[in-house]
Amino acid sequence: MHMTPGIWEISHAELTIRIVSALIIGGLIGLEREWGDHAAGFRTHILVCLGSALIMLLSIYGFSQFAYEANVRMDPARLAAQVISGIGFLGAGTILRTGLSISGLTTAASLWVVAALGLAVGAGFYYGALLTAFLVLVSLFLLNKLEKYFTRNRKQIEVGLAMTDGPSCLQTVIARMEQYGATITHISTDYLADNHAGSLVNLRLNLKVEKFKKIPYLLDDLRTTDGVVKVDYQCIATKAQKIPKDSKGKLEATS
1 MHMTPGIWEI SHAELTIRIV SALIIGGLIG LEREWGDHAA GFRTHILVCL GSALIMLLSI
61 YGFSQFAYEA NVRMDPARLA AQVISGIGFL GAGTILRTGL SISGLTTAAS LWVVAALGLA
121 VGAGFYYGAL LTAFLVLVSL FLLNKLEKYF TRNRKQIEVG LAMTDGPSCL QTVIARMEQY
181 GATITHISTD YLADNHAGSL VNLRLNLKVE KFKKIPYLLD DLRTTDGVVK VDYQCIATKA
241 QKIPKDSKGK LEATS
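When you line the sequence shown up against full-length UniProt numbering, it's residues 1 to 255, in that order.
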């Protein structure tokens with residue numbers, strides 16, 4: 001079957017436009033990540049977008065000399081499909097777990113999107129690439145600020161309790177937490193060595209606390225609870241904030 005001349009060919013000017021467009025789009029998204037001091041920043045996003053665009057260009061136009069052979073069937077999506085799966089390895093390198101905190105998920109997602117944008121630009125799908133790039137930038141800049149604003153008072157902490165074994169003590173601890181509006185999201189237990197007070201249980205609880213300033217008062221109440229021997233905590237957040245110091249006057253618990 002005869003193919004229309006020029007379908008599998010591209011001029012140097014058009015090729016340059018697509019490569020430079022990929023550089024600009026990848027650079028804009030990478031710049032936002034660089035400002036946030038993330039693992040993959042300005043240069044990484046540019047390289048990913050450029051590489052993806054080049055692979056797309058190669059997939060479409062790199063084998064034009066064979067396009068008109070009778071026994072050859074061109075499949076431009078074959079090389080491009082490997083970019084989407086292969087970028088996962090690079091994205092996985094940006095995801096870090098430190099204790100209870102996981103960071104890098106947004107950066108990994110931005111790398112994946114940048115790879116897709118590079119493919120779109122390489123294929124000449126300019127409108128789709130520009131619209132997606134705009135929405136990505138809005139998401140990274142604007143939605144990030146909105147998310148921080150609406151969740152500014154909601155914090156997650158892990159509380160560790162060494163306490164005497166018994167249902168009454170556990171019920172008292174849970175009741176104290178509920179008084180301060182803390183929601184328990186996970187509980188784990190293990191037994192410690194017996195002492196003069198009897199069997200001790202090591203209790204680890206993940207809590208969501210709506211009012212950050214209530215945390216020190218909650219911890220103080222837990223320390224004074226009968227049967228509780230030791231209390232420790234740590235924040236569960238990408239950028240943990242310090243627990244505020246006790247102020248004058250104790251904050252009232254909410255029912």
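Backbone N, C-alpha and C fix where the C-beta goes; we use that ideal spot for every residue, glycine too.
Enumerate in chain order the residues of its own chain whose CB-to-CB distance from alanine 133 is below 8 Å, with the five nearest sequence positions on each side excluded. Ile25, Leu28, Ile29 and Leu117
Pair every Cβ in the segment 139 to 147 with every Cβ in the segment 159 to 178, then say whether three or more of these pairs are closer than 8 Å. With the cut-off at 8 Å, the segment 139 to 147 and the segment 159 to 178 do not touch.
Rounded C-alpha distance that separates isoleucine 84 from glycine 104: 18 Å
Use the C-beta contact count for isoleucine 7: other C-beta atoms within 10 angstroms, 16 or more gives buried, fewer gives exposed. exposed
So, under 8 Å CB-CB, cysteine 49 and alanine 22 are touching, yes? Tell me the CB distance rounded to an integer number of Å. 5 Å
Could you check what DSSP says for serine 59 in three-state terms: helix, strand or coil? helix
Are at least three pairs of beta-carbons, each pair with one atom in the segment 175 to 187 and one in the segment 209 to 225, less than 8 Å apart? Judged by Cβ distances under 8 Å, the segment 175 to 187 makes contact with the segment 209 to 225, as three or more pairs qualify.
Candidates Glu9, Ala39, Ser188 and Gly160: which alpha carbon is nearest valine 231's? Gly160
Roughly how far, in whole angstroms, is the beta-carbon of leucine 119 from the beta-carbon of threonine 94, given that I think they are within contact range, below 8 Å? At roughly 20 Å, the Cβ-Cβ gap does not stay under 8 Å, so leucine 119 and threonine 94 are not in contact.
Take isoleucine 60 and list the residues in its own chain whose beta-carbon comes closer than 6 Å to its own, dropping the five residues that flank it on each side. Pro76
Determine the direct distance from the alpha carbon of glycine 41 to that of leucine 79, and round the result to whole angstroms. Leucine 79 and glycine 41: Cα-Cα distance of roughly 25 Å.
Other residues of its chain near threonine 254: CB distance less than 6 Å, five sequence neighbours each side excluded: Unreliable placement is indicated for threonine 254, whose pLDDT of 36 sits below 50; the coordinate value is still reported in the next sentence. Taken in chain order, the residues that qualify are Gly181.
According to DSSP, simplified to helix, strand and coil, what is threonine 189? strand
In angstroms with no decimal places, state the Cα-to-Cα distance between histidine 38 and tyrosine 127. Inter-residue distance for histidine 38 and tyrosine 127 is about 28 Å (C-alpha atoms, whole angstroms).
Tell me which same chain residues have a C-beta within less than 6 Å of the C-beta of leucine 96, skipping the five on either side of it? The beta carbon of leucine 96 lies closer than 6 Å to those of Ser103 and Gly104 in the same chain, with the five residues before and after it left out.
Do asparagine 122 and arginine 18 have their C-beta atoms closer together than 8 Å? One detail in the question is off: residue 122 reads as glycine in this sequence, not asparagine. Cβ distance < 8 Å, so glycine 122 and arginine 18 count as in contact.
Do asparagine 202 and glutamate 158 come within 8 Å of each other at the CB atom, strictly closer than that value? It is not a contact, given that the beta carbons lie outside the stated cut-off.
Excluding the 5 residues flanking threonine 189 on each side, which residues of the same chain have their C-beta closer than 7 Å to its C-beta? Val201, Asn202 and Leu203
Pair within 8 Å by beta-carbon distance, alanine 108 and alanine 92: yes
Starting from the C-beta of glycine 62, find all residues in its chain whose C-beta is less than 6 Å away, skip the five residues before and the five after it, and write them out in chain order. Result list for glycine 62: empty, nothing under 6 Å.
Check arginine 73 in the structure and name its three-state DSSP category. coil
Among Arg73, His45, Arg176 and Glu147, which has the Cα closest to the Cα of valine 113? Ranking Arg73, His45, Arg176 and Glu147 by Cα distance to valine 113 puts His45 first.
Mind checking alanine 129: buried by the 16 CB within 10 Å criterion, or exposed? buried
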